Amino acid sequence: MATSPLADLLLALQGLVQRLRVLPAGHPDLHAAAQAVERGLVPVIGARDRMVVTVRSVQLVVDGMETSPDYEPLRDLAGQLRDAGVAAIEFRFGATGPELITVFAELLAGGAMLPGSEHVSFRAVSHVDTPSHDPWLALERLILDDPVRRHATRDPVELAIALELHPAGTRGNFSVLAALTAIAQASAEEAESLGALAALLTALPAAALRRLLAPSGHVEAQRDFVLALAHTADLPLLLRLLQAALPGREARLTAASVRLLGRLVRDEHPTARTALLHAFTALLARPGSEEPVAEGGAGPERVLSLAFETGILEAGTLAAADRMIGRRQSGPLLALLETVPREDSVAQAVRGRVYHPRTVREVLATDPLDLDLLDKLIPAAGIEAAPALLDALATSRERRVRLRLLELLSRYGSAVGPLAQDRLEGMPWYVQRNLLALLARIPDRPASFTAGPLLEHRDPRVRHEAVALAIADPSERDHGLTAALLSAHEPTLRLGLEALSEYCPPVLLPQVLARATDPALPAEMRALAVSALAPIDDPLVLRFLRRLVVAGGLTGFGRLAPKSPPMLAALRGLALHWARHPKVGPVLEAARQSKDPDVRAAIAATRRSGATNSPVTPP
0 MATSPLADLL LALQGLVQRL RVLPAGHPDL HAAAQAVERG LVPVIGARDR MVVTVRSVQL
60 VVDGMETSPD YEPLRDLAGQ LRDAGVAAIE FRFGATGPEL ITVFAELLAG GAMLPGSEHV
120 SFRAVSHVDT PSHDPWLALE RLILDDPVRR HATRDPVELA IALELHPAGT RGNFSVLAAL
180 TAIAQASAEE AESLGALAAL LTALPAAALR RLLAPSGHVE AQRDFVLALA HTADLPLLLR
240 LLQAALPGRE ARLTAASVRL LGRLVRDEHP TARTALLHAF TALLARPGSE EPVAEGGAGP
300 ERVLSLAFET GILEAGTLAA ADRMIGRRQS GPLLALLETV PREDSVAQAV RGRVYHPRTV
360 REVLATDPLD LDLLDKLIPA AGIEAAPALL DALATSRERR VRLRLLELLS RYGSAVGPLA
420 QDRLEGMPWY VQRNLLALLA RIPDRPASFT AGPLLEHRDP RVRHEAVALA IADPSERDHG
480 LTAALLSAHE PTLRLGLEAL SEYCPPVLLP QVLARATDPA LPAEMRALAV SALAPIDDPL
540 VLRFLRRLVV AGGLTGFGRL APKSPPMLAA LRGLALHWAR HPKVGPVLEA ARQSKDPDVR
600 AAIAATRRSG ATNSPVTPP
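Residue numbers for the sequence shown follow numbering that gives the first Met the number 0, so the first one is 0 and each next one is one higher.
The structure is reproduced here in structure tokens:
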């Protein structure tokens, strides 16, 4: 539909008709549905005071705008109104909710006459009663070249021969299709006429049918003809028409679709008619239509939908899944799979195609990269998909993408470790950095991996990741900490100092002390070094901590040094690890008496932490 208000109105009307069919009179939902129609009429009718909705067998028409016959809610509404004998509805300005409920309830109740009201009226479907208006007569006059014929014989054999011999040509085919469409529309309420039309189309040679439905013909006329039969003709006849319309349009409907449609028709499956209608819509798309043709609608996706609906798995079903993946439509394919129970056998077979390394490679080839889709595929696609992810990690220029790829690769756990290790050697520094970051994320690194050689890498960012791996490995921890303490790269030094705050080997005391006294380092970094030194049971450490806390070299009852991050770190270290030392007690007491809240907080924090003071030997 062209406008949103019109779409809202027709959907509201469908909702009212549906509720009137299933709910008892007076139900509150009926009032709400009628009010929705009343509100929808106001912007659509506007200043023209009235609006006419033409009712066809599978669609509605308003001001020349047609609803899609594929859209089930409005297709069903058209069918229900047509079944009630309505050819058109006229709405006039001022229609109210109660009035709408009354008139449509009377319509659905049936009766000899169509109901009406001040603001709503119905136009009845015209019945062909007289020979002068018999559409069969119009067809026979045309193809039998008998313009004065007065009565139609409806002989299917005679008419089939005449149609076969009728001169070919776009204009002639258009006239024949128009006559056949008129018969089909009139036959919707006349079983005898419908049977005669079916007999005619069955008797008509396939070549003649193909000529009428050829791609070079008038597509609109072909479409009207097929849609006029879509809901009344027998399934085998509709399949025959589809097969006649197919030559020259094979790109619009896959061979797998045609085979599946044939099987549905043979099995008289409940979805067969709907499936055929989808296929016809694809084949006979309007000229210039922007609607997707069979490959996007009635093609692979429709084949899969039918397979899920019917539970029938064919080679074409899996081929349709492969085609969607190859066209980078894995997202819609996964969305379709999510509508089917996991235990469904057809869905399980298709999932095996979707959760596959090839799918991952297709997704990685898209731009922009669909990270949410990858999130659904990994690690279900298997470790065989990891090389493609590693390739993308090496080439991606977006940090956001690299971080997400690292997270996805880490889901494989230790299984991805050997793949990452094998790629390290000879790679650019940024690839090596990312691979080391991946190794840091997995629980167990390959037994043969060692970070040692990379601790000397020329790029500081690679060295940083190598240091992180070495520190995390008990067998390489001391080596990694030493490299961190010697690093001029501030993030690496910070990493080492933070690790040392958990445990500092006494052998590293000189290096840590050098960092704690390095005036070139920021105060926060020196404070980290002080915190790392504090637990070491060494007289040198005690003297260093007291020198930071006590001002002017004064001892015992001397005043505290000016507050700074290293001073506060030293104070916390004394309280945590040296509180029992006789030279520390007065210092801590002075801190408790301090007017500076940060100084008092440092002592309070150590008390709250439940610190265990290790016994030390006085210097």
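Ideal Cβ positions, reconstructed from N, Cα and C, are used throughout, including at glycine.
Quick caveat: nothing in here was measured; it's all calculated off a predicted structure.
Identity of the residues DSSP links to residue i by a beta bridge
{"i": "Thr394", "result": "Partner(s): none; Thr394 has no beta bridge."}
{"i": "Met50", "result": "Phe90"}
{"i": "Ala123", "result": "Val85"}
{"i": "Met64", "result": "Val61"}
{"i": "Leu559", "result": "Val549"}
Cutoff 7 Å; reference residue i; Cβ partners in own chain excluding five residues on either side
{"i": "Ala274", "result": "Leu260, Leu263 and Leu305"}
{"i": "Leu15", "result": "Ala32, Ala33, Val36, Leu99 and Phe103"}
{"i": "Val43", "result": "Pro4, Leu5, Leu8 and Met50"}
{"i": "Ser656", "result": "Summary: the structure shown does not reach residue 656, with the chain confined to residues 0 through 618, and so no result is reported for it."}
Close Cβ partners of residue i (< 6 Å) along its chain, the five nearest in sequence each way excluded
{"i": "Arg18", "result": "Asp28, Leu29 and Ala32"}
{"i": "Leu12", "result": "Val36"}
{"i": "Phe224", "result": "Leu176, Leu179 and Thr180"}
{"i": "Leu238", "result": "Val264"}
{"i": "Leu234", "result": "Val264 and Ala271"}
{"i": "Glu443", "result": "The sequence shown places Asp at residue 443, rather than the Glu named in the question. Same-chain partners within the cutoff: Ser413."}
{"i": "Ala244", "result": "Leu212 and Leu282"}
{"i": "Glu65", "result": "Gln58"}
{"i": "Ala439", "result": "Ala467 and Leu468"}
{"i": "Thr2", "result": "Note that Thr2 has pLDDT 49, beneath the 50 cutoff, so the model's placement of it is unreliable and the number below is only indicative. Cβ neighbours of Thr2 beyond the five flanking positions: none."}
{"i": "Gln184", "result": "Ala227"}
{"i": "Ala528", "result": "Leu496, Val511, Arg514 and Ala515"}
Assumed close pair residue i, residue j - CB separation to whole angstroms, cut-off 8 Å
{"i": "Ala151", "j": "Leu136", "result": "4 Å"}
{"i": "Leu649", "j": "Val353", "result": "Nothing can be reported for residue 649, as the shown portion of the chain is limited to 0 through 618."}
{"i": "His230", "j": "Gly109", "result": "So it is not a contact: roughly 19 Å between Cβ atoms."}
{"i": "Gly479", "j": "Ala469", "result": "3 Å"}
{"i": "Ile382", "j": "Ala414", "result": "5 Å"}
{"i": "Thr280", "j": "Pro68", "result": "7 Å"}
{"i": "Val54", "j": "Arg81", "result": "6 Å"}
{"i": "Pro124", "j": "Ala86", "result": "Rather than Pro, the amino acid found at residue 124 in this sequence is Val. Yes, they are in contact, since the Cβ atoms of Val124 and Ala86 sit about 5 Å apart, within 8 Å."}
{"i": "Val461", "j": "Leu494", "result": "Contact flag wrong, Cβ pair sits at about 14 Å."}
{"i": "Thr316", "j": "Ala255", "result": "7 Å"}
Simplified DSSP assignment, three categories, for residue i
{"i": "Met112", "result": "coil"}
{"i": "Met426", "result": "coil"}
{"i": "Arg265", "result": "helix"}
{"i": "Arg149", "result": "coil"}
{"i": "Ile88", "result": "strand"}
{"i": "Asp7", "result": "helix"}
{"i": "Leu193", "result": "helix"}
{"i": "Val349", "result": "helix"}
{"i": "Trp577", "result": "coil"}
{"i": "Ser593", "result": "coil"}
{"i": "Phe448", "result": "coil"}
{"i": "His30", "result": "helix"}
{"i": "Ala213", "result": "coil"}
{"i": "Pro518", "result": "coil"}
{"i": "Asp128", "result": "The predicted model places Asp128 with a pLDDT of 39, which falls under 50 and marks its position as unreliable; any figure quoted below should be read in that light. It is coil, neither helix nor strand."}
{"i": "Gly584", "result": "helix"}
{"i": "Arg525", "result": "helix"}
{"i": "Pro97", "result": "helix"}
{"i": "Gly295", "result": "Note on Gly295: pLDDT 35, under 50, position unreliable in the model; no value is reported."}
{"i": "Ser474", "result": "coil"}
Nearest neighbour of residue i, chosen from the options [CA to CA]
{"i": "Ala266", "options": "Val225, Ile311 and Ala232", "result": "Here residue 266 turns out to be Asp, not Ala, going by the sequence shown. Per the Cα distances, Ile311."}
{"i": "Gly194", "options": "Ala281, Leu228 and Gly330", "result": "Leu228"}
{"i": "Gly25", "options": "Asp69, Gly96 and Pro4", "result": "Gly96"}
{"i": "Ser215", "options": "His478, Asp321, Arg248 and Ala364", "result": "Arg248"}
{"i": "Ala568", "options": "Asp536, Ala104 and Ala601", "result": "Ala601"}
{"i": "Arg360", "options": "Val349, Thr338, Pro386 and Val339", "result": "Pro386"}
{"i": "Glu397", "options": "Pro269, Glu189 and Leu368", "result": "Leu368"}
{"i": "Ala590", "options": "Val548, Pro505, Thr201 and Glu497", "result": "Val548"}
{"i": "Glu501", "options": "Gly425, Ala531, Arg222 and Leu240", "result": "Ala531"}
{"i": "Leu91", "options": "Leu141, Leu40, Pro134 and Gly84", "result": "In the sequence as displayed, the identity of residue 91 is Arg instead of Leu. When only C-alpha atoms are compared, the closest one is Leu40."}
{"i": "Pro356", "options": "Pro452, Leu389, Ala436 and Arg341", "result": "Leu389"}
{"i": "Val540", "options": "Ala207, Gly330 and Leu508", "result": "Leu508"}
{"i": "Ser56", "options": "Gly84, Ala384, Ala522 and Arg493", "result": "Gly84"}
{"i": "Leu200", "options": "His217, Pro166 and Leu158", "result": "Leu158"}
{"i": "Ala603", "options": "His580, Leu527, Arg571 and His576", "result": "Arg571"}
Contacts around residue i, its chain only, beta-carbon distance under 8 Å, and the 5 residues preceding and following it disregarded
{"i": "Leu22", "result": "Asp28 and Leu29"}
{"i": "Asp595", "result": "Lys562"}
is_contact[residue i, chain B] using C-beta, thresh 8 Å
{"i": "Ala393", "result": "Chain labels in this structure do not include chain B; a single protein chain is all it has."}
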